[in-house]
Each structure stands twice: as structure tokens, then as C-alpha cells.
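> Sharing a structure below in C-alpha cells format, with a few things to ask.
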Amino acid sequence: MKFKKDLLLVNPYKVNSKWETFLAPSFGLYRMKFYLETQGFQVDVIDPNLDSVSFTQHEYKVIGFGTYHDTLENDIALIHQARAACPDSLIIVGGIQATFSFQEFFDYADVDLVVKGEGEKPMLSLLQALSDQPRTDLELVVQKITGIVWKQNGTISDTGPNPQLNHQEFNDVTKPFDFAQVPYDKYWENNTQQYLQREPNDIEIKTIRIFTSNYCPFRCTFCSSSFFLDRPVV
Ligand code: B12
Ligand code: SF4
């Protein structure tokens, strides 16, 4: 099966969600994109909060969704759209919500697989494996990749935890991050519009975040961030 590109990454979709906040480009999705591109793969990121999304058959070999708890219903609706439009693409989810609650994506979204923890290493292995192996035999594709939960013929299987990036790997995946390619202007314009009658708070909405460390050092006991790397579920 011939696809035009390797991977589409879709940002969590907040439309009609109850929370109200300013939009920001997803660091996680862009970091994966820039890293995987250095490894020879063609990767796009799309944000349904800013651009209208339509999925086209045979455009992307893999379509991957990032999700937040707050955006879950919208994300699942988009996953259904992708599944219907692109039956030959592999449909996957990843990120913090998917790592801790992967079962709900199999129950309600019928995804092919979930990537637990940091996405760069498993996604590189997955795209490489898909170059050699047709996606019809998912078990052969994923069996050597740690951090994957997948479903085939109604059975859910798991390749174990995804070890967190070490210092060198963190450098390797972070260095290719190309801030100039991230459409900050579009986000800032959108955020300014949200202020309507009020004077926009530029310090809040016109920001560019940078990486200073891997995940949050504060380890608040109530926060999923504290458990994401150390204790990826199962
Ligand atoms: C910085 C930050 C923000 C920033 C920027 C967010 C952004 N868009 O990037 C701001 C202040 C804007 C923000 C806002 C919000 N945030 Co915030 N934020 C964070 C924080 C502190 C760091 C996120 C980050 O940049 N990580 C670094 C990148 C590289 O990692 P990553 O995003 O996790 O992505 C990696 C993996 O998760 C995985 N991955 C992610 N997506 C996918 C998809 C696929 C297909 C695959 C394979 C892998 C994969 O691979 C990536 C690369 O390794 C986290 C807590 C934390 N320490 O992680 C909370 C966190 C992500 N935020 C959270 C929330 C709830 C929000 C808001 C929804 C809050 C609100 N109610 O308004 C909004 C969402 C706004 C928005 N439009 O994005 C929650 C999400 C919880 C959940 N389970 O849903 C977190 C986890 C904090 C918490 N524990 O409560 N946030
Ligand atoms: S709630 Fe605490 S541990 Fe979680 S991201 Fe915020 S400061 Fe870090």
C-alpha cells in the first residue's frame, strides 16, 4: 500500500470543551516531528483548534493523536473520523492521558495501538518496522518495541513499560527542535481574538516555551506528571 507520507500527529482538540485557556503549540508533538524527520521520516503536525481537519485515504501511513483528559470526547470523535476515512492507516494514540488510561481508547475509539510514555523511541521503531512489515500483522510489527499496547482480533497485549529517555537521548531528541517552523504567529493571533473586549495580556499569550529539563521536577503527589516517567502504567 502506497502512502504519501509517514505520520500525521494531531493535537488535542478542545472545541466545546468546558475549560477555557489560551492555545499553545504542542511541544510533545513537535519534538517527535523534528526528531523523526532527522531519522528520514515525513511527519506533519496539525492542530484542529486552528485548522479544519479532514482525513484523506492513503495520505499518511500512521495517524497519531495526542489527548488530554479535558479533550477526550472531541479526540475520540476525531479518531472515529480518521478511522472511517483512512481504513488502511494505522490509528494510534499517545501522551499522558493515553498512557494512564489506554483501555478507554480501545473501548471507545477502536485504535490500533497506544504508545506509553515518551513517543520518540517507540515511534522511530514503529515507523522503521512498518517499512519492513505490512501493518496487517500488528504483532510482528510491534513485538520488539517496548511501550506499546495493541489490540488485534479483540485481544489486548502489551510490550511492557517504555523506559524514559536518558540524558543523551533527551539531548538527541530535543536538539533538532526547530522553533522557526512552529507557527507561533497563528497561535498568538488566535489567543488575541479570544480576549474580545479586553486588552490582551501579551505576557500570558505571546510566549515561546523552551526545554530546560525533562518533565517537571516538583513531583506533586496529585499530579500525573509525577508518575509518567517513573511508573508508566503496566
Ligand atoms: C507546559 C504545559 C502546558 C503549557 C503548554 C501546553 C502545550 N500545548 O504544549 C500550557 C500552559 C499552555 C498548558 C496548558 C494546559 N495544560 Co498543560 N502542561 C504542561 C506541562 C507542565 C508540560 C508539557 C510538556 O511540554 N511536556 C514536554 C513534552 C515533550 O512532552 P509531552 O507533551 O508529554 O509529549 C511527549 C509524550 O507525552 C508523548 N506524546 C504526547 N502526545 C503524543 C501523541 C502520540 C501519537 C504519541 C505516539 C506520543 C505522544 O510523546 C511526546 C514526546 O516525548 C504538563 C505537565 C508535564 N510535566 O508533563 C502539563 C499538562 C500536560 N497540562 C495539562 C492540562 C490539563 C492542561 C490544560 C488542558 C489545562 C486547562 N484545563 O486549561 C491546558 C491545555 C492547553 C493547550 N491548548 O494545550 C495536564 C494534562 C492532564 C491530562 N491527563 O489530561 C498536564 C499533564 C498537567 C497535569 N498533570 O495536570 N500546559
Ligand atoms: S502539578 Fe506539580 S508536578 Fe504537576 S506539572 Fe505542575 S508543578 Fe509539576
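Here the numbering used here is used: the first residue of the sequence shown is -17, the next is one more, and so on. In this text, a Cβ means the ideal position worked out from N, Cα and C, and glycines have one as well.
1) Which residue comes first and which comes last in the beta strand (DSSP E) that contains residue 137?
2) Per DSSP, which one or two residues make a beta bridge with residue -10?
3) Quick one: Cα of residue -12 to Cα of residue 71, how far?
4) Out of curiosity, what's the CA-to-CA distance linking residue 148 and residue 110?
5) Taking only the alpha-carbon atoms, compute the straight-line gap between residue 22 and residue 54 and give it to the nearest angstrom.
6) Regarding residue 111 and the ligand B12, is the C-beta to nearest heavy atom distance less than 8 Å?
7) Assuming contact is defined by CB atoms lying nearer than 9 Å, are residue 196 and residue 187 in contact in what I supplied?
8) Near residue 206, which residues of its chain fall below 8 Å by C-beta distance, leaving aside the five closest residues on each side in sequence?
9) Kindly provide the ranges of any alpha helix (DSSP H) runs that are 4 or more residues long and lie completely inside the stretch 98 to 168, ordered along the chain.
10) Would you tell me roughly how many angstroms separate the C-alpha atoms of residue 62 and residue 88, rounded to the nearest one?
11) Taking Cβ to Cβ, would you say residue 161 is nearer than 9 Å to residue 131?
12) So, do the stretch 95 to 104 and the stretch 127 to 144 have three or more beta carbon pairs nearer to each other than 8 Å?
13) Give the secondary structure of residue 5 by DSSP, where H, G and I count as helix, E and B as strand, and everything else as coil.
14) Quick one: grab the DSSP three-state call for residue 18.
15) For my contact list, residue -15 and residue 42 are in at a C-beta cut-off of 8 Å; report their separation, rounded to the angstrom.
16) So residue 141 and residue 125 are supposed to be a Cβ contact under 8 Å. How far apart are they, rounded?
17) Kindly examine the ligand B12 and report whether one of its heavy atoms sits closer than 8 Å to the Cβ of residue 174.
18) State the Cα-Cα distance for the pair residue 122 and residue 113, rounded to the nearest angstrom.
19) Rank 120, 146, 80, 8 by C-alpha distance to the C-alpha of residue 29 and give the top, closest one.
20) For the beta strand (DSSP E) holding residue 58, just list the boundary residues, first then last.
21) Going by the C-beta, is residue 80 closer than 8 Å to any heavy atom of the ligand B12?
Short version:
1) Here the question's residue 137 lines up with position 155 in the sequence shown. That run of the beta strand (DSSP E) goes 137 to 140.
2) Within the sequence shown, numbered from 1, the residue matching residue -10 stands at position 8. The secondary-structure analysis by DSSP pairs residue -10 across a beta bridge with 26, 45.
3) Here the question's residue -12 lines up with position 6 in the sequence shown. Here the question's residue 71 lines up with position 89 in the sequence shown. Approximately 10 Å between the Cα atoms of the pair.
4) Sequence index remark: in the sequence shown, residue 148 carries index 166 (1-based). Sequence index remark: in the sequence shown, residue 110 carries index 128 (1-based). One C-alpha to the other measures close to 21 Å.
5) Translated into the one-based positions of the sequence shown, residue 22 becomes position 40. Translated into the one-based positions of the sequence shown, residue 54 becomes position 72. The C-alpha of residue 54 is placed about 31 Å away from the C-alpha of residue 22.
6) Position 129 of the sequence shown, counting from 1, holds the residue named residue 111. Residue 111: no, Cβ never under 8 Å from the ligand B12.
7) Residue mapping note: residue 196 aligns to position 214 of the sequence shown, counting from 1. Residue mapping note: residue 187 aligns to position 205 of the sequence shown, counting from 1. Going by C-beta atoms, residue 196 is not nearer than 9 Å to residue 187.
8) The residue labelled residue 206 in the question sits at position 224 within the sequence shown. Hits under 8 Å: 78, 82.
9) 102 to 114, 120 to 124, 149 to 156
10) Here residue 62 refers to the residue found at position 80 of the sequence shown. Here residue 88 refers to the residue found at position 106 of the sequence shown. Going by the C-alpha atoms only, they are around 12 Å apart.
11) Residue mapping note: residue 161 aligns to position 179 of the sequence shown, counting from 1. Residue mapping note: residue 131 aligns to position 149 of the sequence shown, counting from 1. Contact: no.
12) Touching, per the Cβ criterion.
13) As a position in the sequence shown, residue 5 is number 23, starting the count at 1. DSSP places residue 5 in coil when its eight states are reduced to three.
14) As a first step, residue 18 must be located in the sequence shown, where it is residue number 36. Three-state DSSP puts residue 18 in a helix.
15) Here residue -15 is taken as the residue at index 3 of the sequence shown, counted from 1. Here residue 42 is taken as the residue at index 60 of the sequence shown, counted from 1. About 6 Å; that satisfies the 8 Å criterion.
16) Against the sequence shown, residue 141 aligns to sequence position 159. Against the sequence shown, residue 125 aligns to sequence position 143. Confirmed, Cβ separation roughly 7 Å.
17) Indexing the sequence shown from 1 puts residue 174 at position 192. No - the ligand B12 has no heavy atom lying nearer than 8 Å to the Cβ of residue 174.
18) Taking the sequence shown and counting its residues from 1, the one referred to as residue 122 is at position 140. Taking the sequence shown and counting its residues from 1, the one referred to as residue 113 is at position 131. Computed Cα separation, rounded: 12 Å.
19) Walking along the sequence shown from the start, residue 29 turns up at place 47. Among 120, 146, 80, 8, the Cα nearest to that of residue 29 is on 8.
20) Along the sequence shown, read from residue 1 onward, the residue named residue 58 stands at position 76. That residue, residue 58, is in no beta strand (DSSP E); its alpha helix (DSSP H) goes 54 to 67.
21) Here residue 80 refers to the residue found at position 98 of the sequence shown. Checking the Cβ of residue 80 against the ligand B12 gives yes.
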